[in-house]
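Going down the list, the sequences are from chains A and B. Per our numbering, the first sequence starts with residue -13, numbered consecutively. Per our numbering, the second sequence starts with residue 350, numbered consecutively. We put the CB at the ideal spot given by N, CA and C, even for glycine.
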Amino acid sequence: MTPTAPELLHGCVAALATPPAPEEMGAFFAGKVAVAALLNTFAAQECATGSAVRVWENAALRTLLDDAAEAGDGDYSLAALDAANAELRRRLIRLHAAAEAAGDTALDRRILALYREMATRRMLHLPTAG
Amino acid sequence: MSIGEALAAYLTAFWGASVTVENLTRIPGGAIRETYSFDAVKTGGERRGLILRRDPTGSLIDTDRTTEFLAYQSFQGLAPVPEPIVLEAECGPLERPFFIMSRVDGGTASSPFAPDPYAPHAEVLGRELFAILGRIAGADPSAMPIARAFTAPALDACWSRELDYWEEVILRDELHPQPIVRAALRRLRRNPPPPAQKLSVVHGDYRSGNFLHDGQGRVLAILDWEMAHLGDPLEDLAWCLDPLWSHFDDSRAAGTLPTAEAIRIWKAESGLTVDPKAFAWWRLFNSVKGQGIWTTSAKTFAEGGHDLVLGFSGLYTARRHDQIIADQLERLVVEEGWA
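So this is what it looks like as structure tokens:
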């Protein structure tokens, strides 16, 4: 998934390490610091739960795709889980389009329900919004 | 030469009178154009508060500064907008194209993700917000300056032109496969809306956070018209009512007043109707359009664009829109019978 937690943190470092021009001091720089703080919060959430969310989603997709050949995730780094997830999602896109074309209502609705679950589990939370 | 010195030199030549620039400060929030506030002081002491909008080196979406400038020209007297002063399309004194407009003082633009930012004047503010949107929708664009910038789509092609554009953006910029928005794209194409009732100027980003208000329930200025175009007036209404802009309270339109009341005001001001089937299409489309914007922002950020707003948009708002789209898709298919 993009941006990844490392990309978020590297972006914060790069943005905050750049000395602001005189006209960027004040509200603009304060705003930049506030967004950096938010991105750090999101990176923390990804570090805390990102692997579990990806392992769940990959397992759910393998079940849906009826993929007996796939043993599951062996490397639990976020990068490896994302790489496996990308391939599974590509296959899901093809499967869903085929189900729609075939009029397979049961599979279509099963996939729609899975989308809702996937999106809910991926949600991040703002510090003030819960 | 600093930005302030370049601005002073430019305005001195533009007005034919010596100008100094004071209180130059960059304003946060815009992820599309760099925005600066400053005072232009002419010899003799005449002082004018102005805003500089300069093209970015990298941005969320392809936007045309000319569109925004022409929109401000078009809605003078029809909606609260800043006065456009000058448009510079060449890479001149400020190194990138820019335009200058009047500054509207005394207001604030609330964060679209702040809980209940308009209390205790939310309902009063909402009535004005949706009345203004109704006036924009009801206006005849044919004689407006902004009409020069676009080829008018046929009424039955408004939806497909927008869908084609955003589908191309999503497919072009997608870094990680997005099955939810892909499914929505297919469903939108299979279940098209009826033709637009009329052709309107569509603001393109009319929502909470893109207007100035005085904290007492009055809208001072509608901003950020860079995505304006000609199209179906329901597009703007649906975007403004997208759950992403609801301040975490889906019962209220853009964090202001009950949604049904917002729609009633829009209909009364515009003289238009809201066909439920058409509106359902435009609501899902707008969530897809949002995902298109966030997809591009994620790509730009991942490629080293260090505007942190791009990182926020590419991550948080993208995931919220995935959830919003998934909810809509399931409801439209299971409850509304979409093919």
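Item: Taking C-alpha atoms, which residue in B:W643, B:T622, B:K616 and B:G566 lies nearest to B:P466?; Value: B:G566
Item: Go ahead and label B:R497 buried or exposed: buried means 16 or more other beta carbons lie within 10 angstroms of its beta carbon, across all protein chains shown.; Value: exposed
Item: Kindly list the residues whose CB is nearer than 6 Å to the CB of B:E417, restricted to its own chain and excluding five residues on each side of it in sequence; keep chain order.; Value: W574 and E575
Item: Taking 9 Å as the CB-CB cut-off, is B:L373 touching chain A?; Value: yes
Item: From this set, B:F363, B:A463 and B:S595, which residue's C-alpha is nearest B:I434's C-alpha?; Value: B:F363
Item: Nearest by alpha-carbon distance to B:R510: which of B:S595, B:P490, B:P544 and B:F479 is it?; Value: B:P544
Item: Kindly say whether B:V435, judged by its beta-carbon, lies nearer than 9 Å to any beta-carbon of chain A.; Value: no
Item: Can you find the residues in the same chain that come closer than 8 Å, C-beta to C-beta, to B:V623, ignoring five residues on each side of it along the sequence?; Value: L583, L586, I612, W615 and K616
Item: For the stretch 91 to 110 of chain A, which residues have a CB atom closer than 8 Å to at least one CB atom of chain B, in sequence order?; Value: D94, R95, I97, L98, A99, Y101, R102, M104, A105, T106, R108, M109 and L110
Item: What does A:L67 reach in chain B if we use C-beta pairs closer than 8 Å?; Value: Ordered by position in chain B, no residue passes the 8 Å Cβ test against A:L67, which lies about 12 Å from the chain.
Item: Relative to the alpha-carbon of B:R402, which residue among B:R375, B:G580 and B:Q425 has its alpha-carbon at the smallest distance?; Value: B:R375
Item: What are the residues in the stretch 6 to 34 of chain A lying within 7 Å of chain B by C-beta distance?; Value: E9, E10, G12, A13, F14, G17, K18, V21, A22, L24, L25 and F28
Item: If you run the structure through DSSP and keep just helix, strand and coil, what is A:A16?; Value: helix
Item: Is the beta carbon of A:L(-5) closer than 9 Å to that of A:L24?; Value: no
Item: Roughly how many angstroms lie between the CA atoms of B:L322 and B:G393, to the nearest whole one?; Value: Missing from the structure shown is residue 322 of chain B; chain B here goes from 350 to 688 and no further.
Item: Quick check on A:R40 - is its C-beta less than 9 Å from some C-beta in chain B?; Value: no
Item: A:L112 versus chain B: which residues are under 7 Å apart at the beta carbon?; Value: F462
Item: Using a threshold of 9 Å, state whether the C-beta atoms of B:L657 and B:D581 are closer than that.; Value: no
Item: If we count the other Cβ atoms within 10 Å of its Cβ and call it buried at 16 or more, is B:S408 buried or exposed?; Value: Confidence is the limiting factor: at B:S408 the pLDDT is only 47, short of 50, which leaves the residue's position unreliable and the question unanswerable from this model.
Item: Give me the residue from B:A688, B:G660 and B:V683 with the minimum Cα distance to A:F122.; Value: Look at the range of chain A in this structure, -13 to 116, and you will see that residue 122 of chain A is not part of it.
Item: Going along the stretch 618 to 650 of chain B in order, which residues come within less than 7 Å of chain A, judged by CB to CB distance?; Value: A647 and F650
Item: Within the chosen definition, does the stretch 666 to 680 of chain B reach the stretch 100 to 113 of chain A through at least 3 CB pairs nearer than 8 Å?; Value: yes
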